[in-house]
Amino acid sequence: MTTQTATAAELARFSAGISGLSLMPLWERTARMKPGSACVPHVWHYAAIREHLLRASTLITKRDAERRVLVLENPSLRGSTFVTQSLYAGLQIILPGEIAPSHRHSPAALRFIVEGEGAYTSIEGEKIIMSPGDFIVTSNWTWHEHGNEGTGPVVWLDGLDTPIVALFGAMFREDAPLESYAPKNHSEVSAARFGCGLLPMEYRAADAQATPLRVYRYRQARAALATLEAAEPAHPAHGYRLRYAHPGTGGHPFPTMGVSLQRLPAGFAGVPWQSTESRVCSVVEGTGRALLGDQTFEFGPRDCFVIPPWTHSRLESDSGSVIFSYSDRAAQEALGLLREQ
Ligand code: GTQ
């Protein structure tokens, strides 16, 4: 024990005295430096959300809402609109015939298609048809609009790095000058240029932080996992997990977010894992459990769950599962912060 040179009352008087100068004594800080955040683990069951997405569609038009989204707000971050302290997540629904008009913003966005066929997103005029399981990249400050030319509702998960942009005070947003940026091209243009293991002759990766490939199809990614599952043993914590790559650099598709697709084989019971990444998961196939901290969350297809940073996590599957996820891994790696074990 060190010798206390002042009484508690004297220290309290000292603190009160300097408070008016916008000063505080560091020794009063109760929180020591430690990993983890206020964010808590949570699961959103799609079956419970779907009816509210449909009901929202009768209450507000896409035009009035601009984006008809139910935000997945972390239970410990209510009022923030954030799913973790670094990430945003929302489920967006679009009905046949609707258009969500074009805009752009400094946060980057991904779409992960959850339900329905026949919708598209148009990014800088490139029209990309959406199918369940596809992962679509909207790099920061690119114009984007959505439409549904199909016959039923389409729902996707929006993942954005909004809290990171807000942290830096670098939030910008702009509506397109025209009512709608008519999609110029049909689908697959960026996929043809960048998605086949080929690159345009003149392409220099150093020119772009974000991936020039705008869509990663589920069919292709799922087939890759199936091949690996047949060929080799599973990773003890992750099963078979591949990350989506920037085709020019091998890095992440966004400067801030890393994205992955993962297969848990039938009967898989993963060993504990701990990472500083904040991770949002969307279940594509199969039922199972996420054991997060001291809680167990059952999941099935289309459910979403969140793994907060440095939470002890274990994943289990019954008849085999596929899980899509995005995280703040790219930002943490760039800043030399990522740790996992
Ligand atoms: O579709 O452009 O969930 O700008 C949040 C912000 C979706 C979008 C969100 C957005 C969008």
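Start counting the sequence shown at 97; every next residue gets the next number (the numbering used here). C-beta atoms are modelled at their ideal positions from N, C-alpha and C, and glycine is treated no differently.
Three-pair Cβ contact test at 8 Å for the stretch 138 to 145 versus the stretch 379 to 397: Flag = yes, the stretch 138 to 145 and the stretch 379 to 397 touch.
For ligand 1, is there any heavy atom lying closer than 7 Å to the beta carbon of Arg310? Result no, Cβ not under 7 Å from ligand 1.
Asp254: first and last residue of the uninterrupted beta strand (DSSP E) it sits in: Unbroken beta strand (DSSP E) run through Asp254: Val250 to Leu256.
Sequence-distant residues of the same chain with beta carbon closer than 7 Å to Met97, five excluded per side: At Met97, the pLDDT of 49 sits below 50, so the modelled position is not reliable; the number obtained from the coordinates is stated separately. Excluding residues up to 5 positions away in sequence, nothing lies with its Cβ nearer than 7 Å to the Cβ of Met97 in the same chain.
8 Å Cβ cutoff met for Tyr299 and Phe231: Not in contact: Tyr299 and Phe231 (Cβ atoms no closer than 8 Å).
Report all residues from its chain with a CB closer than 6 Å to the CB of Gln437; omit the five preceding and five following residues, and keep chain order. Correct list, in chain order: Gln370.
List the endpoints of the continuous beta strand (DSSP E) containing Arg151. Here Arg151 belongs to no beta strand (DSSP E); instead the alpha helix (DSSP H) covers Tyr142 to Leu155.
Would you call the stretch 146 to 153 and the stretch 177 to 195 touching, i.e. three or more CB-CB distances under 8 Å? Segments in contact, yes.
Output the distance between the C-alpha atoms of Ala215 and Ile195, rounded to the nearest integer angstrom. C-alpha separation (whole angstroms): 10 Å.
Closest Cα partner of His242 within the set Gly229, Ile225, Phe401 and Gly382: Comparing Cα-Cα distances from His242 to each of Gly229, Ile225, Phe401 and Gly382, the minimum goes to Ile225.
Can you give me the C-alpha to C-alpha distance between Ala430 and Ala105, rounded to a whole angstrom? Roughly 46 Å separates the two Cα atoms.
Taking C-alpha atoms, which residue in Ala304, Glu373 and Asp414 lies nearest to Trp406? Each of Ala304, Glu373 and Asp414 was checked against the Cα of Trp406, and the nearest Cα belongs to Glu373.
Are the CB atoms of Pro332 and Phe366 within a distance shorter than 8 Å? In the sequence as displayed, the identity of residue 366 is Gly instead of Phe. In this structure, Pro332 lies closer than 8 Å to Gly366 by Cβ.
How would you call Cys292, buried or exposed, if buried means at least 16 neighbouring beta carbons within 10 angstroms? Under this definition Cys292 is an exposed residue.
Could you tell me if Lys130 is buried or exposed, where buried requires 16 or more neighbouring beta carbons within 10 angstroms of its beta carbon? Classification for Lys130: exposed.
For Glu222, count neighbouring C-beta atoms within 10 Å of its own C-beta (all shown protein chains included) and say buried if the count is 16 or more, exposed if not. Answer is buried; the Cβ neighbour count reaches 16.
Would Ser202 and Val261 qualify as a contact pair, given that the criterion is a beta-carbon distance under 8 Å? Against a cut-off of 8 Å, the Cβ pair of Val261 and Ser202 comes out as a contact.
For Glu220, which residues in the same chain have their Cβ closer than 7 Å to its Cβ, ignoring the five residues on either side in sequence? Sequence-distant Cβ neighbours of Glu220 in its own chain, meaning closer than 7 Å and more than five residues away, are Thr238 and Trp239.
Less than 7 Å separating the Cβ of Val376 from some heavy atom of ligand 1? It does not: the Cβ of Val376 is nowhere closer than 7 Å to a heavy atom of ligand 1.
So, for Gly438: in the same chain, excluding its five sequence neighbours on each side, which residues have a beta-carbon less than 6 Å away from its beta-carbon? What is shown of the chain runs 97 to 437, which leaves residue 438 out entirely.
Using 8 Å as the cut-off, can you tell me whether the stretch 313 to 327 makes contact with the stretch 172 to 185, which would need three or more C-beta pairs spanning the two stretches below that distance? Cβ pair count under 8 Å is below three, so no.
Is it buried or exposed, Arg229, if we count other Cβ atoms within 10 angstroms and call 16 or more buried? Looking at the sequence shown, residue 229 is not Arg but Gly. Here Gly229 is buried. Its C-beta has 16 or more other C-beta atoms within 10 Å.
How is the alpha helix (DSSP H) around Val285 delimited, first residue to last? Start and end: Val285 to Phe290.
Where Phe268 sits in the DSSP three-state scheme: DSSP places Phe268 in coil when its eight states are reduced to three.
Is the distance from the Cβ of Gln358 to the Cβ of Val418 below 8 Å? Taking 8 Å as the Cβ cut-off, Gln358 and Val418 qualify as a contacting pair.
Following a CB-centred definition, is His242 positioned closer than 7 Å to any heavy atom of ligand 1? At least one heavy atom of ligand 1 is nearer than 7 Å to the Cβ of His242, so yes.
Extent of the continuous beta strand (DSSP E) to which Lys223 belongs: It spans Glu222 to Ile225 - the beta strand (DSSP E) in which Lys223 sits, taken as one unbroken run.
Leu206 and Val376: beta carbons closer than 8 Å? Cβ atoms of Leu206 and Val376: not closer than 8 Å.
Consider the C-beta atom of Leu256 and the heavy atoms of ligand 3; say whether any pair is separated by less than 7 Å. The ligand content of the structure shown is limited to ligand 1, which means ligand 3 is not among them.
Alpha-carbon to alpha-carbon, Ser111 and Ile119: For the sequence presented, residue 119 should be read as Leu rather than Ile. The alpha-carbon atoms of Leu119 and Ser111 are separated by roughly 8 Å.
Taking just the CA atoms, how far does Val136 sit from Leu388? About 9 Å.
Please check the pair Ser356 and Gly382, which I expect to be a contact at CB under 8 Å, by giving their CB distance rounded to whole angstroms. With a Cβ gap of about 16 Å, Ser356 and Gly382 do not count as contacting.
Endpoints, the alpha helix (DSSP H) within which Thr53 is located: For residue 53 there is no data in the structure shown, the boundaries of the chain being 97 and 437.
With a Cβ-Cβ cutoff of 8 Å, do Thr352 and Ala304 count as a contact? Cβ distance not < 8 Å, so Thr352 and Ala304 don't count as in contact.
8 Å Cβ shell around Leu295 - same chain, five flanking residues per side excluded: The beta carbon of Leu295 lies closer than 8 Å to those of Arg289, Pro343 and Gly344 in the same chain, with the five residues before and after it left out.
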